[in-house]
Amino acid sequence: MKTKVLMVCLGNICRSPLAEGILKSKINDDRIFVDSAGTAGYHIGNPPDKRSIAVAREHGLDIASQKCRKFSKNDFDAFDHIYVMDKSNLVDVLSLATHENEEKKVKLLLDELDLPYNEVPDPYYGGSDGFENVYQMIDLACEAIAKKIK
20 MKTKVLMVCL GNICRSPLAE GILKSKINDD RIFVDSAGTA GYHIGNPPDK
70 RSIAVAREHG LDIASQKCRK FSKNDFDAFD HIYVMDKSNL VDVLSLATHE
120 NEEKKVKLLL DELDLPYNEV PDPYYGGSDG FENVYQMIDL ACEAIAKKIK
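Now the structure itself:
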């Protein structure tokens, strides 16, 4: 049976598509399924932000074919691990949980690392440097996750 991991941010166009692509590059997809979603439905059906696609491409990853979708209550049943990018999205996802087993699946992505901060900042309103910075944070966390769930 495959382990299923969901990456979640606000719009599913910047951080969570990167997290999906990065984690996929580090795991055996015969054993682990990775997807991403957003807590808001602003961009349903759209590809990731061009800047996320570009920074992924600079690191040898192609995330251009991903399509944005909104997180749903059904994701609690469909996924074993749900990683959110920041505390706002953590609150939004946990607000949909109906029992403790669902809540236990949800955690901040950067909690997988021992850092003085635990949120991946939203790079949407910044420049390309922000996307590179976010890529590096997510890459470190995904490395830890890949080792943990192999």
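Plus 19 on top of the position in the sequence shown (first one is 1) and you've got the numbering used here. Just so you know, even glycine gets a beta-carbon here, dropped at the ideal spot from N, CA and C.
Subject >> As assigned by DSSP and simplified to three states, the class of residue 1 >> reply: With the chain running from 20 to 169 in the structure shown, residue 1 is simply not present.
**OP:** Sort 34, 22, 168 by Cα distance to residue 87 and report the nearest one.
**Re:** Within the sequence shown, the letter at position 68 stands for residue 87. Of 34, 22, 168, the residue nearest in Cα terms is 34.
Original post:
So residue 37 packs on residue 75, CB below 8 Å; how close in whole Å?
Top reply: Looking up residue 37 in the sequence shown gives position 18. Looking up residue 75 in the sequence shown gives position 56. Sure, about 6 Å apart at Cβ, within 8 Å.
Subject >> Segment limits, beta strand (DSSP E) that includes residue 55 >> reply: Position 36 of the sequence shown, counting from 1, holds the residue named residue 55. Where residue 55 is concerned, the enclosing beta strand (DSSP E) stretches over 51 to 57.
Original post:
Between residue 24 and the rest of its own chain, which residues show a CB-CB distance below 6 Å, the 5 nearest in sequence each way excluded?
Top reply: Locating residue 24 in the sequence shown gives position 5, where the first residue counts as 1. Result list for residue 24: 53, 100, in chain order.
**OP:** Would you list the one or two residues that DSSP bridges to residue 22?
**Re:** Looking up residue 22 in the sequence shown gives position 3. Paired residue(s): 51.
Original post:
Nearest to residue 94 by CA position, among 106, 125, 71, is which residue?
Top reply: As a first step, residue 94 is located in the sequence shown; it is residue number 75 there, counting from the start. Selected option, being the one with the closest Cα: 125.
**OP:** Helix, strand or coil for residue 161, going by three-state DSSP, please let me know.
**Re:** Counting from 1 along the sequence shown, the entry for residue 161 is found at position 142. For residue 161, the secondary structure class from DSSP, reduced to helix, strand or coil, is helix.
**OP:** Would you tell me roughly how many angstroms separate the C-alpha atoms of residue 114 and residue 79, rounded to the nearest one?
**Re:** What you label residue 114 is simply residue 95 of the sequence shown in a count that begins at 1. What you label residue 79 is simply residue 60 of the sequence shown in a count that begins at 1. Going from the Cα of residue 114 to the Cα of residue 79 covers about 36 Å.
**OP:** Return the Cβ separation of residue 164 and residue 122 in integer angstroms, given the expectation that the two are a contact with Cβ distance under 8 Å.
**Re:** The residue given as residue 164 occupies position 145 in the sequence shown. The residue given as residue 122 occupies position 103 in the sequence shown. Not really, about 19 Å apart at Cβ, beyond 8 Å.
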